[in-house]
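K.L.:
These protein sequence lines map, in sequence, to chains A and B. Just so we're aligned: the first sequence equals residues 0 to 399 in numbering that gives the first Met the number 0. Just so we're aligned: the second sequence equals residues 0 to 175 in numbering that gives the first Met the number 0. Ideal Cβ placement from N, Cα and C applies to all residues, glycine included. Before we start, here is the structure in question, set down as structure tokens.
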Amino acid sequence: MRRLNRYALLLTAAFLTAPLQAQDDTLQPPSKKEWGEIVERSQRKAIPEDEAPDVVLEEDELRVTLYDIRDLVLDLAPSSHSLPKSLEGEYVDRLDTEHAKELKTALDGLTNAVRRHVVPPMDSKANPLGVQIIEDRLLVVSGTEQQHEWVKSFLLRLRRGGTAMVKVETRCIEIPRGALAALGAKTPPMGAVGPEHEAVVATVLQNAFQKKEGWELTSSPQLVVHPLRKATLSLVNQMAYVKEWRVTMVQPEATLIADPVIDVIEEGFSFDYVVTPLPGDRYAVDVEFWRAAVERPIETRKVRVATDPATDNTISIPVVTRMTIESTFTAASGKAIAFVTPANDQDRDLLVWIQVSPIRMPGGGGRIQALGYASDESPSPEGPRVEVEPPVEPAPSDGR
Amino acid sequence: MTMTNDERERLWALVHARLDERRDPLADEEVTGLLVDDPEALHEVLDLSRQLRALEAAGEAPDAKPSPWTPLAVAAGLLLLALGAWALRGSGEEVSPTTAGAVAESEPLPPNLDPSAVVHRLTITVTTERSDERVVTRFDGERSERTVERLLGDDATAAPVLATIQTTRSIGGNQP
Numbered sequence: 000m001r002r003l004n005r006y007a008l009l010l011t012a013a014f015l016t017a018p019l020q021a022q023d024d025t026l027q028p029p030s031k032k033e034w035g036e037i038v039e040r041s042q043r044k045a046i047p048e049d050e051a052p053d054v055v056l057e058e059d060e061l062r063v064t065l066y067d068i069r070d071l072v073l074d075l076a077p078s079s080h081s082l083p084k085s086l087e088g089e090y091v092d093r094l095d096t097e098h099a100k101e102l103k104t105a106l107d108g109l110t111n112a113v114r115r116h117v118v119p120p121m122d123s124k125a126n127p128l129g130v131q132i133i134e135d136r137l138l139v140v141s142g143t144e145q146q147h148e149w150v151k152s153f154l155l156r157l158r159r160g161g162t163a164m165v166k167v168e169t170r171c172i173e174i175p176r177g178a179l180a181a182l183g184a185k186t187p188p189m190g191a192v193g194p195e196h197e198a199v200v201a202t203v204l205q206n207a208f209q210k211k212e213g214w215e216l217t218s219s220p221q222l223v224v225h226p227l228r229k230a231t232l233s234l235v236n237q238m239a240y241v242k243e244w245r246v247t248m249v250q251p252e253a254t255l256i257a258d259p260v261i262d263v264i265e266e267g268f269s270f271d272y273v274v275t276p277l278p279g280d281r282y283a284v285d286v287e288f289w290r291a292a293v294e295r296p297i298e299t300r301k302v303r304v305a306t307d308p309a310t311d312n313t314i315s316i317p318v319v320t321r322m323t324i325e326s327t328f329t330a331a332s333g334k335a336i337a338f339v340t341p342a343n344d345q346d347r348d349l350l351v352w353i354q355v356s357p358i359r360m361p362g363g364g365g366r367i368q369a370l371g372y373a374s375d376e377s378p379s380p381e382g383p384r385v386e387v388e389p390p391v392e393p394a395p396s397d398g399r
Numbered sequence: 000m001t002m003t004n005d006e007r008e009r010l011w012a013l014v015h016a017r018l019d020e021r022r023d024p025l026a027d028e029e030v031t032g033l034l035v036d037d038p039e040a041l042h043e044v045l046d047l048s049r050q051l052r053a054l055e056a057a058g059e060a061p062d063a064k065p066s067p068w069t070p071l072a073v074a075a076g077l078l079l080l081a082l083g084a085w086a087l088r089g090s091g092e093e094v095s096p097t098t099a100g101a102v103a104e105s106e107p108l109p110p111n112l113d114p115s116a117v118v119h120r121l122t123i124t125v126t127t128e129r130s131d132e133r134v135v136t137r138f139d140g141e142r143s144e145r146t147v148e149r150l151l152g153d154d155a156t157a158a159p160v161l162a163t164i165q166t167t168r169s170i171g172g173n174q175p
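In structure tokens, the structure reads:
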């Protein structure tokens, strides 16, 4: 593990100190000679011969591969191409422009997507290098053969329209408590309802749309989101009410008056989504849902204040139910997941239904056209760029 | 759909090798590793397995008479099935959600293959607050805990817990 750590540092250092010779519009993989120089330079850092990185990789059955993702970066952060050329090769962390922030968001999203969803999962202790992005255009993955196959599939998925925006439909429906069980779904009072209960959920949606008594569609937001980025939707209403009365002395005549204490309750809902396209026409969805609702009618009470014992003053005693749902799920395109939870402490449940589906843009995806493919052509499965895999044969290049 | 031709060839070579060994190809880690990203190929493998089972069942029928042609017929059947699967390999059609869902619902999937929807993590917290009481219900995917607290007003430093109830439940939905 220590050797892998060292290798991670050396690999990063090697690329920092000797950035690849990038041409204007294409990134060439390092030639065998250049790769040898990089490895040689790293070995000069007092690494014993028997701890050479390649030996370590063989022992641990891990292989490091560099994937050229510059085309994907342009898709995920379209404005990044307008960064000044003088900044090429700089770490985006050092930059402070909006474009750089967009680029950093895209790179972080891509890195996190691989780390979180790679199959089989990565063991960060046994594989400290894991997933990195260097020079804003090379995805460095240390992993097993299976993990590399997944990464290839994932990148291919992104290149085949996976960077296009996706639609997230959400429906929040209040239903009578135990309604799902009554409809035949053996679900717990709190939990997830999968596609195996699709028919039951369809009945719930139908009842809500038909506004049957006891079934209420409380919100039905639809979001069109960029994949790999956090998207937020919130609708919050502030409700003020008199919580209590206090006696306050006011000057200059030292008069005692009844002073209402106003409290504010925020009610509404918010959603946070991160959608990750996965191989096999699937999506991973990280969702955080928050809802606060005040039970109506709001209970009130009459109180009398010492300053004016003959007058009734009113205070409100609202009952507020707040709920949060945090989940990560994967679903095939067009398949839905629903979450069910008590909506209040008495007789209502809440069903939150979420479905992710791609948006079919007329004329094909923008990236494909931008790269010069006709809209009805598929890009090469290997992507428009060369995958950098050490060691490689020298690539035909005029300037190298 | 997401496999390269080389991966396809590797997959089918492995599937036939496992079948030749009279083993379930879906119990092979490499096979499932290749299939995990390609529901279409999974469907083909499942079809092949099902048809082979049907062939075996027909061969084991009590009134079936042994014939010197039986091995040849089985081999021919296998060849036809393999050719059929090979012909399907390059179709390049997108797997529709319905297809993926149908696979998940009609076939018992190996544990490392995702069905059409899987919940990996789920936490639900519901808090009902009144003027003098707070009821908190937390569900972490496996168990739920319900806590009742007495609110003592603004001057109170801590709300005493009146009761805590724990129950264990299934997360619901599909599980990885």
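How would you write the range of the beta strand (DSSP E) that ASN4(B) sits in, first residue to last?
P.N.:
Element bounds for ASN4(B): not the beta strand (DSSP E) but the alpha helix (DSSP H), 4-19.
K.L.:
Quick check on GLU39(B): does DSSP put it in helix, strand or coil?
P.N.:
The three-state secondary structure of GLU39(B), taken from DSSP, is helix.
K.L.:
Would you give the residue range spanned by the alpha helix (DSSP H) that GLN146(A) belongs to?
P.N.:
144-156
K.L.:
Could you give the C-beta distance for ASP67(A) and LEU128(A), rounded to a whole number, given that I count them as a contact under 8 angstroms?
P.N.:
At roughly 18 angstroms, the Cβ-Cβ gap does not stay under 8 angstroms, so ASP67(A) and LEU128(A) are not in contact.
K.L.:
Would you check if there are 3 or more beta carbon pairs closer than 8 angstroms linking the stretch 142-152 of chain B to the stretch 345-352 of chain A?
P.N.:
no
K.L.:
Within a Cβ cutoff of 8 angstroms, which residues of the same chain sit near HIS147(A), ignoring the five residues on either side of it in sequence?
P.N.:
ARG62, THR64 and VAL140
K.L.:
How long is the line joining the alpha carbons of VAL199(A) and ALA257(A), rounded to whole angstroms?
P.N.:
55 angstroms
K.L.:
Between ARG321(A), ALA337(A) and THR329(A), which has its C-alpha nearest THR127(B)'s C-alpha?
P.N.:
Among ARG321(A), ALA337(A) and THR329(A), the Cα nearest to that of THR127(B) belongs to ARG321(A).
K.L.:
Compute the Euclidean distance between the alpha carbons of GLU294(A) and ARG129(B), then round it to the nearest angstrom.
P.N.:
Their Cα atoms are separated by approximately 10 angstroms.
K.L.:
Starting from the Cα of LEU234(A), find the closest Cα among VAL224(A), PRO220(A), ARG245(A) and GLU243(A) and give me that residue.
P.N.:
Nearest Cα to LEU234(A) within the set VAL224(A), PRO220(A), ARG245(A) and GLU243(A): PRO220(A).
K.L.:
State buried or exposed for PRO251(A), treating a residue as buried only when at least 16 other CB atoms are found within 10 Å of its CB.
P.N.:
exposed
K.L.:
DSSP three-state label for GLY160(A), please.
P.N.:
helix
K.L.:
Pull out every residue of the stretch 127-138 of chain B whose Cβ sits closer than 8 angstroms to any Cβ of chain A, in chain order.
P.N.:
THR127, GLU128, ARG129, SER130, VAL134, THR136 and PHE138
K.L.:
Taking Cβ positions only, does ALA116(B) come closer than 9 angstroms to chain A?
P.N.:
yes
K.L.:
If I measure Cβ to Cβ from HIS405(A) and keep anything under 7 angstroms in the same chain, skipping five residues before and after, which residues do I get?
P.N.:
Outside the displayed range of chain A (0 to 399) lies residue 405(A), so it cannot be described from this structure.
K.L.:
Quick check: what's the CA-CA separation for THR310(A) versus ARG145(B)?
P.N.:
41 angstroms
K.L.:
From this set, VAL260(A), VAL150(A), THR313(A) and GLY177(A), which residue's C-alpha is nearest GLN345(A)'s C-alpha?
P.N.:
GLY177(A)
K.L.:
Just how far apart, CA to CA, sit LEU102(A) and PRO357(A)?
P.N.:
23 angstroms
K.L.:
Between THR254(A) and the rest of its own chain, which residues show a CB-CB distance below 8 angstroms, the 5 nearest in sequence each way excluded?
P.N.:
Taken in chain order, the residues that qualify are MET248.
K.L.:
Any idea if GLU298(A) is buried or exposed, counting beta-carbon neighbours within 10 angstroms, 16 or more meaning buried?
P.N.:
With fewer than 16 Cβ atoms within 10 Å of its Cβ, GLU298(A) is classed as exposed.
K.L.:
Hey, how far is the Cα of PHE208(A) from the Cα of GLU215(A)?
P.N.:
So the two alpha carbons sit approximately 8 angstroms from each other.
K.L.:
If you draw a straight line from the alpha carbon of GLY108(A) to that of ARG228(A), how long is it in whole angstroms?
P.N.:
6 angstroms
K.L.:
Indicate whether at least one CB of chain B lies closer than 9 angstroms to the CB of PRO175(A).
P.N.:
no
K.L.:
Which chain B residues are close to VAL118(A), counting only those with a beta carbon under 7 angstroms from its beta carbon?
P.N.:
VAL35
K.L.:
Mind listing the chain B neighbours of THR323(A)? Cutoff is C-beta to C-beta under 9 angstroms, in chain order.
P.N.:
THR122, ILE123, THR124, VAL125 and THR126
K.L.:
For ALA78(A), which of helix, strand or coil comes out of DSSP?
P.N.:
For the sequence presented, residue 78(A) should be read as Ser rather than Ala. Reduced to three states, the DSSP call for SER78(A) is helix.
K.L.:
Run the CB neighbour count on ARG120(B), radius 10 Å, all protein chains shown included, and call it buried at 16 or more, exposed below.
P.N.:
exposed
K.L.:
Sort TRP289(A), ARG281(A) and LEU277(A) by Cα distance to PHE270(A) and report the nearest one.
P.N.:
TRP289(A)
K.L.:
Quick one: list the residues of chain B neighbouring GLU148(A), beta-carbon separation under 8 angstroms, in chain order.
P.N.:
For the C-beta of GLU148(A), the chain B residues within less than 8 angstroms are, from N- to C-terminus, GLU6, GLY32, LEU33 and ASP36.
K.L.:
Is the CB of HIS15(B) under 9 angstroms away from at least one CB in chain A?
P.N.:
False, the Cβ-Cβ gap to chain A never drops below 9 angstroms.
K.L.:
Take every Cβ of the stretch 148-155 of chain A, pair it with every Cβ of the stretch 317-333 of chain A, and state whether three or more of those distances are shorter than 8 angstroms.
P.N.:
no
K.L.:
Assuming HIS196(A) and ALA184(A) form a contact by the criterion Cβ under 8 angstroms, report the distance between their Cβ atoms to the nearest whole angstrom.
P.N.:
Contact holds; Cβ gap of about 4 angstroms.
K.L.:
Thinking just about the alpha-carbon of each residue, which of PHE338(A), ILE132(A) and GLN237(A) is nearest to the one in THR169(A)?
P.N.:
PHE338(A)
K.L.:
By DSSP, does GLY267(A) sit in helix, in strand, or in coil?
P.N.:
strand
K.L.:
Interface residues of chain B around GLN145(A) at Cβ under 7 angstroms?
P.N.:
GLY32
K.L.:
Given a threshold of 16 other Cβ atoms within 10 Å of its Cβ, counted over all protein chains shown, does GLN354(A) qualify as buried or as exposed?
P.N.:
buried
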